[in-house]
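**Student:** The structure follows.
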Amino acid sequence: MSDLSRRKLITAGLAAAGGVAGVGLAAGLARRYGLIPPDHAGFYGPGETLTYAAQRILTKHSMAREFPPSEISKPPFVNEVAPLGDQFKRLRDGGFADWRLSVDGMVARPASFSLAELKSHPARRQITHMACEEGWSYIAEWTGVPLSQVLDQVGVLPEAKYVVYFSFQRDWWDSVDMSDALHPQTLVAYGLNGGELPVGNGGPLRLRVARQLGYKNVKYITRLTVTDNLKKFGQGLGSASPEGGYAWYAGI
Amino acid sequence: MSDSAWVATPAIAIPARTVTPRHSALVRVTHWITTLCFLALLVTGVEIVISHPRFYWGEVGNVNTPTLFKFPIPASRATVPTGYGYVLPDQNGWSRYLHFQAAWLAVLTGLLYVISSLFSGHLRKDLLPGGADLSWRAWSREIADHLRLKRPSEEEAWSYNLLQRVTYLFVIFVLFPLVIWTGLAMSPAVASAFPTVVTAFGGQQSARTIHFFVSVFLFLFLLAHIVMICLAGFWSRMRAMITGRVAIEKERA
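Here it is as structure tokens:
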């Protein structure tokens with residue numbers, strides 16, 4: 001073996017060892033700073049982890065773009081909704097007076113809020129862009145209570161890492177990390193374009209996550225659970241979406 | 001056994017052994033990783049378009065707004081009025097996962113290629129048309145030869161011709177960056193951190209439409225690339241890109 005090929009071999013060996021150590025170090029740091037998504041296992045794990053980690057670092061304090069009222073999409077956009085059943089119809093006939101949003105899990109004071117109680121909080125209105133993973137989008141004005149205010153009221157424990165939210169539609173539930181949960185534009189929304197939030201758009205209550213795609217904005221929310229571990233929910237992938245083959249993180 | 005032979009006659013043997021490959025190992029490896037990624041991005045991109053085969057201009061676009069153009073095909077979602085009485089199976093979940101995974105791999109591979117090409121001289125020597133004849137006559141001869149699908153000469157197996165250099169530079173430094181940029185412009189999180197990524201194109205739907213057209217150009221490049229390889233000799237060019245060697249044994253023997 002010549003000197004040249006020996007040197008090449010040593011260089012390649014060092015580079016490989018450095019690469020393995022680098023990946024190991026990066027993985028350790030990523031775990032420590034909460035940059036690993038719950039659906040990180042499997043074939044698509046590396047890409048998903050890179051996307052989530054990169055976007056978490058780059059968008060830590062970023063605000064979704066807000067638009068002037070003239071940009072609001074006309075005619076108002078309504079997605080198709082599956083039948084919601086008799087119980088929903090009864091609640092709707094009662095003007096949703098009996099609709100509750102309960103908050104439990106890693107909180108000091110578990111609570112349950114009526115629509116009126118949520119509306120008594122200082123509201124936030126924002127005109128933002130909502131895009132579906134299919135490719136279409138619309139701009140609308142959302143009114144609601146910042147989720148951070150609701151969480152403040154129940155006293156989130158310092159170990160909390162995620163907020164899981166459940167829909168009246170049993171198959172629908174999702175979760176966001178605390179970065180999105182405490183983000184000022186993340187709303188428990190009850191109003192759209194100046195009026196009540198229509199049922200077709202998720203009324204009476206929808207979680208509005210302004211920096212993620214449409215499917216993270218779960219309609220008809222009834223319950224929030226604060227947790228430090230998503231493994232306890234469903235198949236442990238963070239939301240119903242990965243169970244149906246879709247990414248948990250939808251910032252892209 | 002061969003080692004002892006080399007030692008016996010080093011002056012003759014070494015140059016024969018260290019024949020410079022047509023394509024360096026780095027070019028070959030990055031080429032095939034990019035090929036794999038591009039095919040994955042192409043198939044999954046088509047799948048994602050099928051879920052909403054309508055294109056728009058500006059900031060927003062949905063079934064209530066006019067389209068720039070649309071494809072007369074059935075969709076994989078019931079939300080799109082296509083005129084067909086059926087809905088194709090939904091493939092968006094894995095398509096999106098694979099699209100972004102392949103995009104990451106392609107971007108990292110591309111960075112490795114561009115950075116190492118800067119240092120190795122591959123960019124300057126093999127890609128920039130620097131020393132080449134850039135006169136109108138040279139251009140028109142080159143284009144005419146290509147249009148006539150003329151088989152390249154033997155020397156061309158050892159370097160890129162003028163049209164090839166310009167095309168490769170355009171793909172590497174215009175089309176790829178543009179397709180990455182417009183792809184990122186569709187991400188609501190990226191748009192929140194860097195709004196100009198979107199506003200530079202006049203809106204998120206414009207970025208989506210440009211992303212589509214750049215992909216079409218990349219696909220056309222792929223087709224032209226394959227046609228040229230077949231004209232130049234499919235197996236010899238494949239061999240050059242896989243093993244690095246050019247098949248001209250006849251002359252050497």
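Note that the protein sequences, when read in sequence, are chains B and W. According to the numbering used here, the first sequence holds residues 1 to 252 in order. According to the numbering used here, the second sequence holds residues 1 to 253 in order. Don't be surprised by glycine CBs; every beta carbon is placed ideally from N, CA and C.
1. Residues in its own chain within less than 6 Å of ARG54/W by CB, not counting five upstream and five downstream?
2. Name the chain W residues that come within less than 8 Å of PRO68/B, Cβ to Cβ?
3. By the DSSP assignment, the alpha helix (DSSP H) with TRP173/B in it spans what residues?
4. Report the residues of the region 192 to 208 of chain W with a CB closer than 7 Å to any CB of chain B, ordered along the chain.
5. Count the other CB atoms within 10 Å of the CB of SER73/B; is the residue buried (16 or more) or exposed (fewer)?
6. I'd like to confirm the pairing. Which residues does DSSP put opposite TRP142/B in its beta bridges?
7. Evaluate the contact criterion for the region 162 to 176 of chain W versus the region 190 to 201 of chain B: three or more CB pairs, one atom per stretch, below 8 Å.
8. Per DSSP, what kind of secondary structure is LEU44/B in: helix, strand or coil?
9. Looking at C-alpha atoms only, which residue of GLU59/W, PHE234/W and LEU231/W is the closest neighbour of ALA140/B?
10. In chain order, what residues of the same chain have a beta carbon less than 6 Å from the beta carbon of TYR162/B, not counting five sequence neighbours either side?
11. Can you name, in chain order, every residue of its own chain whose Cβ lies under 7 Å from the Cβ of PRO129/W, other than the five neighbours on each side?
12. Going by alpha carbons, who is nearest to GLN185/B out of ALA16/B, GLN169/B, ALA123/B and ASP98/B?
13. Is TRP99/B buried or exposed, if buried means 16 or more other CB atoms sit within 10 Å of its CB?
14. Just the Cα atoms here: how many angstroms apart are PHE88/B and LYS219/B?
15. Please report the distance separating the alpha-carbon of PRO110/B from that of ALA210/B.
16. Decide yes or no for the touch test of the region 25 to 33 of chain W against the region 72 to 82 of chain W: beta carbon pairs closer than 8 Å, at least 3 of them.
17. Give the interface partners of ARG109/B over in chain W, defined as CB-CB distance under 9 Å, in chain order.
18. Thinking C-alpha only, which one of TYR44/B, ILE57/B, GLN153/B and VAL188/B is nearest ALA30/B?
19. Do the region 48 to 56 of chain B and the region 164 to 171 of chain B touch if we need at least three Cβ pairs shorter than 8 Å?
20. Output the distance between the C-alpha atoms of ALA189/B and VAL171/W, rounded to the nearest integer angstrom.
21. Does any residue of chain W bring its CB to less than 8 Å from the CB of ARG7/B?
22. Please determine if the region 244 to 252 of chain B and the region 183 to 195 of chain W are in contact, where contact requires at least 3 C-beta pairs separated by less than 8 Å.
23. Run the CB neighbour count on ALA108/B, radius 10 Å, all protein chains shown included, and call it buried at 16 or more, exposed below.
24. Starting from GLY85/B, follow the alpha helix (DSSP H) in both directions and report where the run begins and ends.
25. For THR51/B, count neighbouring Cβ atoms within 10 angstroms of its own Cβ and tell me buried if that reaches 16, exposed if not.
26. Distance cutoff 8 Å, beta carbons only. Does THR227/B sit that close to anything in chain W?
27. Alpha carbon to alpha carbon, how far is ASP93/B from GLY144/B?
28. Note down, in chain order, each residue of its chain lying with its Cβ closer than 6 Å to the Cβ of ALA102/W, except the 5 sequence neighbours on either side.
29. What is the DSSP secondary structure of GLY13/B, counted as helix, strand or coil?
30. In the DSSP assignment, what residue or residues form a beta bridge with SER102/B?
31. Candidates SER116/W, CYS230/W, ARG137/W and ALA200/W: which alpha carbon is nearest SER24/W's?
32. Tell me, please, which residues DSSP counts as bridged to PHE166/B.
33. Excluding the 5 residues flanking ASP39/B on each side, which residues of the same chain have their C-beta closer than 7 Å to its C-beta?
34. By Cβ distance below 7 Å, which residues in the same chain neighbour SER137/B in space, the five residues on each side in sequence not counted?
35. Going along the chain, which residues of its own chain have a beta-carbon closer than 7 Å to the beta-carbon of LEU169/W, five neighbours each way excluded?
36. Name the chain B residues that come within less than 8 Å of TRP104/W, Cβ to Cβ?
**Tutor:** In brief:
1. THR67 and LYS70
2. The premise fails here: PRO68/B is roughly 11 Å from chain W at the closest Cβ pair, so nothing lies under 8 Å.
3. No alpha helix (DSSP H) contains TRP173/B, which is instead part of the beta strand (DSSP E) from 173 to 177.
4. SER192, ALA193, PRO195, GLN204, GLN205 and ARG208
5. buried
6. For TRP142/B, which the question treats as bridged, DSSP gives the partners GLN126/B and LEU192/B.
7. no
8. Sequence check: residue 44/B is Tyr here, not Leu. Three-state DSSP puts TYR44/B in coil, outside helix and strand.
9. GLU59/W
10. SER175, ASP177, THR227 and LEU230
11. LEU162, ARG165 and VAL166
12. ALA123/B
13. buried
14. 13 Å
15. 26 Å
16. no
17. Under the 9 Å cutoff, chain W gives no residues; its nearest Cβ is about 32 Å from ARG109/B.
18. ILE57/B
19. no
20. 45 Å
21. no
22. yes
23. exposed
24. 85 to 93
25. buried
26. no
27. 22 Å
28. Hits under 6 Å: CYS37, ALA40 and LEU41.
29. helix
30. SER112/B and ARG223/B
31. SER116/W
32. Beta-bridge annotation (DSSP): PHE166/B is paired with TRP173/B and ARG223/B.
33. GLU48, LEU237, GLY238, PRO242, ALA247 and TRP248
34. Excluding sequence neighbours, SER137/B sits near HIS129, MET130 and ALA131.
35. LEU127
36. For a Cβ distance threshold of 8 Å, residue set PRO46, GLY47, LEU50 and THR51 of chain B lies close to TRP104/W, ordered along the chain.
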